[in-house]
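Asks:
Protein chains in written order, with our numbering: chain A, 38 to 150; chain B, 750 to 1065.
Structure, rendered in structure tokens:
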């Protein structure tokens, strides 16, 4: 099937093209924990004007999706796992984020100064 | 031999995961949350939101492949394959996220989007070359033609890609509803069914709306829609690669129209899928959007002169 092989080629090419990535430089790292479908801490002060790495740990037994339209990031976090989200450089201001699967409780914000 | 080994490992891993899911579900999780229909409704809304994009894409694709023999089977195959893939992706969400130094999820999403962009572009170019032929066949043989099976397969892959991306998130979410957070299996079942039904309704509405366009204009409209949709997906892929630190932003935020049209609203999400709307685009996204429009548009122009032979369609 020509199309299928074309499709898998396009897919493989993209993955291969970006498979060799450099490790993130020494950006400051901030950690947020998800527990009982809440972020801890729910408010985090971060430096403005530079890249930061946000480590989000999911201590719950179910998956969560970190989502922030302010930060333009969305990432699924499997239960018991952590992900690193590269953010910024941010202008000074407040950036809200939610856990999309438990939006009623999982809310938080980054305050860039 | 190598593939055999991989398949065996994969098989084992899947079995393990399925067993773990089964154990959790059988650990006496309540069948009903006791919170009444609230959980069903909130579950339905989230599922609806997750599958909206796939539903709209299916609507467009069905309209674009109107009159081609076997399109229903091909597209149903795309949906089925996408669902199957979605379950596998959901089971391995942790591994995918950890891959490529933690950028696996972004790269995976970008790659799936790029495949869809390639298929949409290829479809449009193919239709430019062969569209007139198909239309002639249609009037000769009746309404269904074989000739369009190639582009329909391309569209089926597009559908599969959309279901794969959106579906895996729904699977994870629904599993969470059933297994944790005080929810229940019935919340999952009813909420999921309601959400999916809502998404399907919207997809069907879009399809029916598109079919109201006179047949002689329909293919021109769908090919423009597909062109813009492809550019939007490419720009979305670029955003994922920015998030993975693999592309520069070229201006983190060109403008902010989120107050004008909230990207999380129903209209905002629909505009996102169909037109590539982004409330806060990065420079690279705009660049990729325009470049994709240009590449596919110029290829279409090179492939055939006038709009795909829609005017020769029999009016039905």
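By construction, the Cβ of each residue, glycine as well, lies at the ideal position given by its N, Cα and C atoms. Only a predicted model underlies this, so the values are computations on that prediction, with no experimental measurement involved.
What number of angstroms, rounded off, separates the C-alpha of residue 134 (chain A) from the C-alpha of residue 49 (chain A)?
Replies: Here the question's residue 134 (chain A) lines up with position 97 in the first chain. Here the question's residue 49 (chain A) lines up with position 12 in the first chain. Near 32 Å, if we compare the C-alpha coordinates of residue 49 (chain A) and residue 134 (chain A).
Asks: Give me, in chain order, the residues of the same chain whose beta-carbon lies closer than 6 Å to that of residue 1071 (chain B); leave out the 5 immediate sequence neighbours on both sides.
Replies: Because chain B in this structure spans residues 750 to 1065, residue 1071 (chain B) falls outside the shown range and cannot be described.
Asks: Checking contacts by CB at 7 Å: is residue 123 (chain A) closer than that to chain B?
Replies: Sequence index remark: in the first chain, residue 123 (chain A) carries index 86 (1-based). It does; some Cβ of chain B falls within 7 Å.
Asks: Evaluate residue 131 (chain A) with the Cβ neighbour count: other Cβ atoms within 10 Å of its Cβ, from every protein chain shown; 16 or more gives buried, anything less gives exposed.
Replies: Taking the first chain and counting its residues from 1, the one referred to as residue 131 (chain A) is at position 94. It counts as exposed.
Asks: List the DSSP bridge partners of residue 109 (chain A).
Replies: In the first chain, the residue the question calls residue 109 (chain A) occupies position 72. Its beta-bridge partners do not exist; DSSP assigns none.
Asks: Quick test of your reading: residue 979 (chain B) and residue 836 (chain B), contact by CB under 8 Å. State the CB separation rounded to the nearest angstrom.
Replies: By 1-based counting over the second chain, the position of residue 979 (chain B) is 230. By 1-based counting over the second chain, the position of residue 836 (chain B) is 87. That pair is no contact at about 27 Å.
Asks: Which residues bound the beta strand (DSSP E) around residue 80 (chain A)?
Replies: Reading the first chain from its first residue, position 43 is the one you call residue 80 (chain A). Counting along the chain, the beta strand (DSSP E) containing residue 80 (chain A) begins and ends at 80-83.
Asks: Counting only the same chain and skipping the five closest in sequence on each side, list residues whose C-beta sits under 7 Å from that of residue 42 (chain A).
Replies: For the purposes of this step, residue 42 (chain A) is taken as residue 5 along the first chain, with counting starting at 1. Answer for residue 42 (chain A): no residue qualifies.
Asks: Would you call the region 837-852 of chain B and the region 869-880 of chain B in contact, with 3 or more CB pairs under 8 Å?
Replies: no
Asks: Using DSSP with H/G/I as helix, E/B as strand and the rest coil, what is residue 123 (chain A)?
Replies: The sequence position of residue 123 (chain A) within the first chain is 86, counting from 1. DSSP places residue 123 (chain A) in strand when its eight states are reduced to three.
Asks: Alpha carbon to alpha carbon, what distance is there between residue 997 (chain B) and residue 991 (chain B)?
Replies: Within the second chain, the letter at position 242 stands for residue 991 (chain B). Within the second chain, the letter at position 248 stands for residue 997 (chain B). Rounded to the nearest angstrom, the two C-alpha atoms are 6 Å apart.
Asks: Measuring only the C-alpha atoms, how far is residue 98 (chain A) from residue 122 (chain A)?
Replies: In the first chain, residue 98 (chain A) corresponds to position 61, counting from 1. In the first chain, residue 122 (chain A) corresponds to position 85, counting from 1. Approximately 21 Å, taken between the alpha carbons.
Asks: Does residue 51 (chain A) pass the burial test, meaning 16 or more other C-beta atoms within 10 Å, or should it be called exposed?
Replies: Taking the first residue of the first chain as position 1, residue 51 (chain A) is located at position 14. Under a 10 Å Cβ-count criterion, residue 51 (chain A) is classified as buried, with 16 or more other Cβ atoms of the shown protein chains found around its own Cβ.
Asks: State the start and end residues of the unbroken alpha helix (DSSP H) segment that holds residue 147 (chain A).
Replies: For the purposes of this step, residue 147 (chain A) is taken as residue 110 along the first chain, with counting starting at 1. That residue, residue 147 (chain A), is in no alpha helix (DSSP H); its beta strand (DSSP E) goes 144-149.
Asks: Label residue 844 (chain B) either buried or exposed according to how many other C-beta atoms from any shown protein chain fall within 10 Å of its C-beta, with 16 as the threshold for buried.
Replies: On the second chain, residue 844 (chain B) is found 95 positions in, with the first residue counted as 1. Looking at its Cβ environment, which holds fewer than 16 other Cβ atoms inside 10 Å, residue 844 (chain B) is exposed.
Asks: In whole angstroms, what is the alpha-carbon distance linking residue 65 (chain A) and residue 83 (chain A)?
Replies: The residue you call residue 65 (chain A) lines up with position 28 of the first chain. The residue you call residue 83 (chain A) lines up with position 46 of the first chain. Straight through space, the alpha carbons of residue 83 (chain A) and residue 65 (chain A) are spaced by roughly 9 Å.
Asks: Would a C-beta distance cut-off of 7 Å place residue 101 (chain A) and residue 145 (chain A) closer than the cut-off?
Replies: Position 64 of the first chain, counted from the first residue, corresponds to residue 101 (chain A). Position 108 of the first chain, counted from the first residue, corresponds to residue 145 (chain A). Cβ distance not < 7 Å, so residue 101 (chain A) and residue 145 (chain A) don't count as in contact.
Asks: Which bits of chain B does residue 77 (chain A) rub up against, with CB to CB less than 9 Å?
Replies: Here residue 77 (chain A) refers to the residue found at position 40 of the first chain. Going along chain B, no residue has its Cβ under 9 Å from residue 77 (chain A), so there is no contact; the nearest lies around 17 Å.
Asks: Mind checking which residues open and close the beta strand (DSSP E) that includes residue 93 (chain A)?
Replies: On the first chain, residue 93 (chain A) is found 56 positions in, with the first residue counted as 1. 89-95 is the span of the beta strand (DSSP E), which, as asked, contains residue 93 (chain A).
Asks: Compare the C-beta of residue 864 (chain B) with all C-beta atoms of chain A and state if any pair is closer than 7 Å.
Replies: Position 115 of the second chain, counted from the first residue, corresponds to residue 864 (chain B). Chain A contact via Cβ: present.
Asks: Is the region 898-908 of chain B close to the region 807-820 of chain B, with three or more CB pairs under 8 Å?
Replies: Contact holds: three or more Cβ-Cβ distances are below 8 Å.
Asks: Does DSSP put residue 46 (chain A) in a helix, a strand or coil?
Replies: Mapped onto the first chain, residue 46 (chain A) falls at position 9. In the three-state reduction of the DSSP assignment, residue 46 (chain A) falls in the helix class, which pools H, G and I.
Asks: I'd like to check one pair, residue 797 (chain B) with residue 958 (chain B): are the Cβ atoms closer than 7 Å?
Replies: The residue labelled residue 958 (chain B) in the question sits at position 209 within the second chain. The residue labelled residue 797 (chain B) in the question sits at position 48 within the second chain. No. Outside cutoff.
Asks: Is the distance from the Cβ of residue 933 (chain B) to the Cβ of residue 792 (chain B) below 7 Å?
Replies: By one-based count along the second chain, residue 933 (chain B) stands at place 184. By one-based count along the second chain, residue 792 (chain B) stands at place 43. Cβ distance not < 7 Å, so residue 933 (chain B) and residue 792 (chain B) don't count as in contact.
Asks: In angstroms with no decimal places, state the Cα-to-Cα distance between residue 1057 (chain B) and residue 1047 (chain B).
Replies: The sequence position of residue 1057 (chain B) within the second chain is 308, counting from 1. The sequence position of residue 1047 (chain B) within the second chain is 298, counting from 1. No answer about residue 1057 (chain B) holds up, because its pLDDT of 47 lies below 50 and its placement is not dependable.
Asks: Using a Cβ cut-off of 7 Å, pull out every chain B residue sitting near residue 89 (chain A), in sequence order please.
Replies: Here residue 89 (chain A) refers to the residue found at position 52 when the first chain is read from its first residue. Near residue 89 (chain A) there are no residues of chain B at all, since even the closest Cβ is about 12 Å away, more than 7 Å.
Asks: Excluding five sequence neighbours on each side, which residues of the same chain lie with their C-beta closer than 7 Å to the C-beta of residue 976 (chain B)?
Replies: Taking the first residue of the second chain as position 1, residue 976 (chain B) is located at position 227. Only 873, 1042, 1045, 1046 meet the Cβ criterion.
Asks: Taking 8 Å as the threshold, find out whether the region 996-1016 of chain B comes into contact with the region 957-972 of chain B through three or more Cβ pairs.
Replies: no
Asks: Taking DSSP's pairing of strands, which residues face residue 132 (chain A) in a bridge?
Replies: On the first chain, position 95 is the one that residue 132 (chain A) refers to. Paired residue(s): A:147.
Asks: So, is residue 1039 (chain B) buried or exposed, given that buried needs 16 or more other C-beta atoms within 10 angstroms?
Replies: Here residue 1039 (chain B) refers to the residue found at position 290 when the second chain is read from its first residue. Label assigned to residue 1039 (chain B): exposed.
Asks: Given a threshold of 16 other Cβ atoms within 10 Å of its Cβ, counted over all protein chains shown, does residue 95 (chain A) qualify as buried or as exposed?
Replies: For this step, residue 95 (chain A) is matched to residue 58 along the first chain. Result: buried.
Asks: Just reading off the alpha helix (DSSP H) that residue 841 (chain B) is part of, what are its end residues?
Replies: Stepping through the second chain from its first residue, residue 841 (chain B) is reached at position 92. Note, residue 841 (chain B): premise wrong, no alpha helix (DSSP H); not H, not E.
Asks: For a quick check, are the C-beta atoms of residue 859 (chain B) and residue 989 (chain B) less than 7 Å apart?
Replies: In the second chain, the residue the question calls residue 859 (chain B) occupies position 110. In the second chain, the residue the question calls residue 989 (chain B) occupies position 240. Going by C-beta atoms, residue 859 (chain B) is nearer than 7 Å to residue 989 (chain B).
Asks: Strictly under 7 Å for the Cβ-Cβ distance: is residue 921 (chain B) near chain A by that measure?
Replies: Reading the second chain from its first residue, position 172 is the one you call residue 921 (chain B). Interface residue, yes.
Asks: For the region 826-850 of chain B, which residues have a CB atom closer than 7 Å to at least one CB atom of chain A, in sequence order?
Replies: 842, 843, 846, 849, 850
Asks: Does the Cβ-Cβ distance between residue 806 (chain B) and residue 47 (chain A) come in under 7 Å?
Replies: Locating residue 806 (chain B) in the second chain gives position 57, counting from the first residue. Locating residue 47 (chain A) in the first chain gives position 10, counting from the first residue. It is not a contact, given that the beta carbons lie outside the stated cut-off.
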